[in-house]
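Presented below is the structure to which this report refers.
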Amino acid sequence: MAPLGSAPIPWLKPLSWLYGLGAGGKNLCYDRGLCRPRKLPVPVVSVGNLSAGGTGKTPMVVWLVERYRRVGLSVGVLARGYGRRDGERLNDEGLLLEGRFEDLAQRQSPDRHAAGLELLAEQELDLLLLDDGFQHRKLHRDLDICLLDARDPFRGGLLPSGWLRESRASLRRADLIIATGSQGLSPQQRESFRALLPDLARSKPLLFAETIARDLCHRPDGEVRPLDSLEGKKVFLMAGIAHPERFEDTVSALGAHVLGRQWLTDHASFSLDELRGWSEQAAREGGLLVLTEKDEARCHLGREEGPERLVLRIDLRFHAEPSLDLLLPRGIQGR
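The sequence shown begins at 1 in the working numbering and counts up by one.
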């Protein structure tokens, strides 16, 4: 598979054609009504993308949970749970959400319909968020949000030569398109982005968002530190995410001096001994280990456990704040 952001791998193109036939055939069955999605008793908002990672779905889910709660809605989250360890209830994204919202109702299962019914049997919810749900057409959704990378929206074509899980034509299903990672784009570049979309998607509502640093959490004591506390500090970076270079850019922009880095593949697991080793390596060079919030969740450590480290927490910010009606299913608008 091609690295994120890279050019397509030509010799894998025949496999991409076969993959496209399979993905297109599945979509055709749903489009023609041969397959029917199952419906839950409450509205469902899907947050997904066309590509295999790297568009900021988790920050978007965090943002939506906060936004919905602000107007008094009770919300739960459904996900497949990709990368979840055997016997664990949640994967790294789920643990991240739990760290932000300790009382958040969550279920992870390949059968999202059954998981949704289980959640609703346990507590009364106004709506459910379907995390990474654009391709999961087995479940009916009342609002379909699709995220695209503002700088590389179609990522070299279909898997496995590129990173698309289905063709760009599938954007016609989206109710709302959000271009993430748009920091640094000029107003003219944002305006020209719409021309990159397929004809049937150009009339869709389009928003631009970027991830911004929120604060730093020092472990194992749990002290929350302001971002300017990194100014002039030596750091060693560790990340197992789709775009680790963006993490480094953010840390460098905060004035830190990067001594070294340990990049893992997206969702990769690591041991407590490895984490200790990276922390000790940073300390030997007079620095601190800094990792992402998602990797901290992947540690499976308590809030006061493990070696010394700093966790960079991020938020999503829109260039223009979207109206609430744009983010709500019709069944909830006006309530």
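Glycine residues also receive a C-beta, built at the ideal position from the N, C-alpha and C atoms.
Pairing Arg330 with Asp142, the inter-Cα distance amounts to about 8 Å. Distances from the alpha-carbon of His136 to those of Leu324, Asn27, Leu291 and Glu280 put Asn27 closest. The beta carbon of Arg313 lies closer than 8 Å to those of Ala213, Arg214, Asp215, Leu216, Cys217 and Glu293 in the same chain, with the five residues before and after it left out.
Cys146 is the residue among Cys146, Asp266, Leu326 and Ser323 whose C-alpha sits nearest the C-alpha of Thr180. For Glu231 against Gly255, the beta-carbon gap comes to about 4 Å, under 8 Å, which counts as contact.
Here Glu296 is buried. Its C-beta has 16 or more other C-beta atoms within 10 Å. Cβ atoms of Val42 and Leu125 come within 8 Å of each other, at about 6 Å. Inter-residue distance for Gly116 and Lys138 is about 13 Å (C-alpha atoms, whole angstroms). Counting the other Cβ atoms within 10 Å of the Cβ of Ala174 gives 16 or more, which makes it buried. For Val65, the three-state secondary structure derived from DSSP is helix. Apart from sequence neighbours up to five positions away, the residues of its chain that approach Gly20 with a beta-carbon distance below 7 Å are Leu158 and Ser167, ordered along the chain.
Closest option to Ile177, judged by alpha-carbon separation, among Trp17, Ser323, Lys204 and Ser269: Lys204. Counted as a single uninterrupted DSSP element, the beta strand (DSSP E) harbouring Glu210 occupies residues Leu206 to Arg219. With the rule of 3 Cβ pairs closer than 8 Å, the region 229-247 does not count as touching the region 59-70. Inclusion of Ala209 and Gly54 in the CB contact set at 7 Å is not warranted, their separation being larger than that value. The alpha-carbon of Gly240 is positioned some 12 Å away from that of Glu248.
Of the residues Val65, Gly81 and Phe193, the one whose Cα lies closest to the Cα of Arg100 is Val65.
Nearest in C-alpha terms to Ser182, of all of Arg202, Arg284, Glu118 and Phe318, is Phe318. Going by DSSP, Asp144 is part of the beta strand (DSSP E) stretching over Leu143 to Asp149. Within the region 113-187, the runs of beta strand (DSSP E) at least 3 residues long that lie entirely inside it are, in chain order, 127-131, 143-149 and 176-180. The beta carbon of Glu223 is closer than 8 Å to those of Cys217 in its chain, skipping five residues each way along the sequence. If you look at Arg309, you'll find it in the beta strand (DSSP E) that goes Arg309 to Phe318. In terms of Cα proximity to Gly306, the closest of Glu285, Gly277 and Asp31 is Gly277. DSSP places Thr292 in the strand class (E or B) of the three-state scheme. Looking at the DSSP output, Glu223 sits in a beta bridge with His218. Scanning its chain for C-beta atoms nearer than 8 Å, with the 5 sequence neighbours on each side dropped, one finds around Val251 the residues Leu230, Val235, Leu237, Val258, Val290 and Leu312, in chain order. Within the DSSP secondary-structure output, Ala256 pairs in no beta bridge.
DSSP links Met238 through a beta bridge to Gln262 and Leu291. Excluding five sequence positions before and after Tyr82, the CB atoms of its chain that fall closer than 8 Å to its own CB belong to Asn91, Asp132 and His267, given in chain order.
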